[in-house]
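One structure is given here, and the rest of the page talks about it.
Chains as they are written, first to last, in my numbering: chain A, 1 to 311; chain B, 312 to 751.
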């Protein structure tokens, strides 16, 4: 009797037992840190008088004050605009290049495909900081071989570490590093398209260009959505490239991107509460933008499918 | 699985800050086990000075062994980053026993109750240091928050050969400095006397200090912020003027381009501090033996003062369970002749203790300046003329604001006065936000 009951408990408890590891991990490494960040963002340090000696500092409830400060800080918003400008260059150029390269690699006429694929992918394996350093040296007129050649040829030498040139310079690092990865994602899904589809298209008299535009691109649309989604997130969180270029030029401030501002608040100014609020704002903005895009893309896909069905 | 990665990435920002804080706290921790103050003590010491472990070995095998006080060195981040680490560790109650701290960081550490008052334990250390240096560790009170370790009196470095070639004389005043810059620019448009760099706030702070600026002072229970006082404004306008008229370069230092400019003679002077030979050795290796050091130009003929750029102290934390033992070690490290000689040899530091500045370790000039035999004699004379400095509880905020405001002003060749005002406003706003009493 007892053993039977115990058995039934065991069966009942089994799902919970299976869930336990995931739940614990989720709570420890996901919910807890986020909860702590939110808790920090709702507090602030209050100093009394000169603020010297023990007991001069207290942690007090701040409510939404830190959020108001973060959202009302023109530098934070300027940083967001700079990142949007940077993203407007990076995302289309990188994904456009990745798509074209993937289509080229997928065509029958390509030679040395494995080598080319690897060569294009390789920059992705270079850490972001190293890539930024490498390019940073190439951007500095006094030490760059490019500028040396331009000077010898008597060509104009653009300033890549200031003004509009800076956006091009930063975007170039991201595009150089990210194209290969996105190309592989798209290329993999191109490879998954059944050969019959191409055969049917050829029988219908489609040219290679038509096959690319009418068959291949629509069929890899889900991959394009995915790469777009990842690229948006990576763009909104840009940090290491501008941070690495910062010491090389006066044009990159310590708060160039919102994430850099969070870093400076936490580790430059020692204001972890303000930094936590900034981090939460960035996380929410990233969530809204990227999921907003995903939803828009999905609903469009569904509409296309249903329209196709009606037709 | 893909879902998890996606989620991870969204919150990476939020988590990064938190995780950063917790891991930092976790890697702190002293080995103390709550023993009584007397008796054997094991101390941890956070420092960035290279070769400090060898200096500490001298203690552990000598006086430390007799007194049963063992010190373990933990190499840590340097400068401001270490301040953040100390504060985080202190918050978790897991700070080390001893920390290296730059002078301008001491008020921040004191304000966070992270470093202890060791006035009782510091003994007769006070007499070993110049008054202006010692005063930085007391914050003008009766307390002693640290023992001075090294100092960075500022000096003027120039290419002797190129000064001769271009017919320039070493400027004795800042007016002459400006004239020299203009003269050089006129004759050699491709060569700059020097650059105004906004990426190290310590340089500007030292120049302002020389001009007599007092950035933070107290009036009763209120702070007074003088970042845009007349003296600092004079310094800002001077450098802003030179940048605006193009007499000097406006690019940051410590970049590959700056190294090349120094190495190839495109920049022929550097306003720096006593530690410059070390920097020049790596930045401009081809110019060995071509540089000379002179006192910093003055604001008037009759004056003889310099500022300081860099320098640090050894402080005992409030978390330490063996404050007395820690203070003993700190005093030994920075006043004992053997320790100071080892610090000079292993760590390459310029000691704050006055007698050590003329000790055997400094009989020979640095290798890069081997032709200037009296380098260290001159340096110790210059060190005596260091103006007092006045640091406040949020130097880090002022420094960050300096980098951005002056970086932008140098780039645009715009009004440095406006940048200075922004630096002052940012600093005051931060103090008020934190709740400090600030008098207008």
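Beta carbons are placed, not taken as given, at the ideal position from N, Cα and C, and that holds for glycine. Please read all numbers here as calculations on a predicted model, not as lab measurements.
Find the nearest neighbour of residue i within the set the options, judged by alpha-carbon distance.
i, options, result
"residue 183(A)", "249(A), 256(A), 93(A), 272(A)", "93(A)"
"residue 734(B)", "544(B), 585(B), 607(B), 610(B)", "544(B)"
"residue 422(B)", "80(A), 270(A), 234(A), 243(A)", "270(A)"
"residue 469(B)", "525(B), 459(B), 482(B), 445(B)", "482(B)"
"residue 33(A)", "280(A), 113(A), 201(A), 198(A)", "280(A)"
"residue 584(B)", "570(B), 708(B), 541(B), 660(B)", "660(B)"
"residue 273(A)", "198(A), 44(A), 22(A)", "44(A)"
"residue 352(B)", "371(B), 416(B), 432(B)", "371(B)"
"residue 264(A)", "657(B), 568(B), 715(B), 450(B)", "715(B)"
"residue 529(B)", "523(B), 687(B), 418(B)", "418(B)"
Is it the case that the Cβ atoms of residue i and residue j are separated by a distance below 9 Å?
i, j, result
"residue 560(B)", "residue 578(B)", "yes"
"residue 640(B)", "residue 362(B)", "no"
"residue 701(B)", "residue 457(B)", "no"
"residue 710(B)", "residue 178(A)", "no"
"residue 557(B)", "residue 385(B)", "no"
"residue 506(B)", "residue 564(B)", "yes"
"residue 382(B)", "residue 354(B)", "yes"
"residue 137(A)", "residue 232(A)", "no"
"residue 570(B)", "residue 247(A)", "no"
"residue 492(B)", "residue 501(B)", "no"
"residue 356(B)", "residue 622(B)", "no"
Which residues in the same chain as residue i place their Cβ atom closer than 7 Å to its Cβ, once the five residues preceding and following it in sequence are excluded?
i, result
"residue 167(A)", "85, 86, 89"
"residue 205(A)", "none"
"residue 708(B)", "737, 738, 741"
"residue 603(B)", "469, 471, 683"
"residue 646(B)", "436, 439, 664"
"residue 62(A)", "42, 43, 44, 273"
Considering only residues of the same chain and omitting the five flanking positions on each side of residue i, which have a CB-CB separation below 8 Å?
i, result
"residue 249(A)", "161, 162, 166"
"residue 574(B)", "594, 595, 596, 597, 598"
"residue 215(A)", "193, 197, 198, 201, 206"
"residue 378(B)", "636, 639"
"residue 744(B)", "none"
Return no unless some Cβ of chain B is closer than 9 Å to the Cβ of residue i.
i, result
"residue 78(A)", "no"
"residue 12(A)", "no"
"residue 137(A)", "yes"
"residue 247(A)", "yes"
"residue 182(A)", "no"
"residue 143(A)", "yes"
"residue 254(A)", "yes"
"residue 112(A)", "no"
"residue 210(A)", "no"
"residue 48(A)", "yes"
With DSSP run on the structure shown, which of helix, strand or coil describes residue i?
i, result
"residue 320(B)", "Because the pLDDT at residue 320(B) is just 36, under 50, the model does not fix this residue reliably, and the point stays unresolved."
"residue 413(B)", "strand"
"residue 462(B)", "strand"
"residue 401(B)", "helix"
"residue 662(B)", "strand"
"residue 581(B)", "strand"
"residue 196(A)", "helix"
"residue 604(B)", "strand"
"residue 384(B)", "strand"
"residue 354(B)", "strand"
"residue 135(A)", "helix"
"residue 507(B)", "coil"
Can you check whether the C-beta of residue i is within less than 9 Å of a C-beta belonging to chain A?
i, result
"residue 755(B)", "Missing from the structure shown is residue 755(B); chain B here goes from 312 to 751 and no further."
"residue 534(B)", "yes"
"residue 563(B)", "yes"
"residue 745(B)", "yes"
"residue 513(B)", "no"
"residue 572(B)", "yes"
"residue 344(B)", "Unreliable positioning characterises residue 344(B) in this predicted model, as indicated by a pLDDT of 38, which lies under 50. The coordinate reading is nonetheless provided below. Cβ-Cβ to chain A under 9 Å: no for residue 344(B)."
"residue 414(B)", "no"
"residue 718(B)", "yes"
"residue 395(B)", "yes"
So with Cβ pairs under 9 Å, would you call residue i a contact of chain D?
i, result
"residue 377(B)", "Although the question refers to chain D, the structure presented lacks it and instead comprises the protein chains A and B."
By Cβ distance below 6 Å, which residues in the same chain neighbour residue i in space, the five residues on each side in sequence not counted?
i, result
"residue 526(B)", "537, 538, 701"
"residue 620(B)", "463, 465, 513, 514, 517, 584"
"residue 297(A)", "225"
"residue 393(B)", "387"
"residue 1(A)", "With a pLDDT of 47 at residue 1(A), under the threshold of 50, the predicted position of this residue should be treated as unreliable, though the coordinate-derived value follows. Closer than 6 Å at the Cβ level, and outside the excluded window around residue 1(A), lies no residue."
Say the cut is 8 Å; is the CB of residue i nearer than that to a heavy atom of the ligand COA?
i, result
"residue 192(A)", "Looking at this structure, you won't find the ligand COA or any other ligand, since it has none at all."
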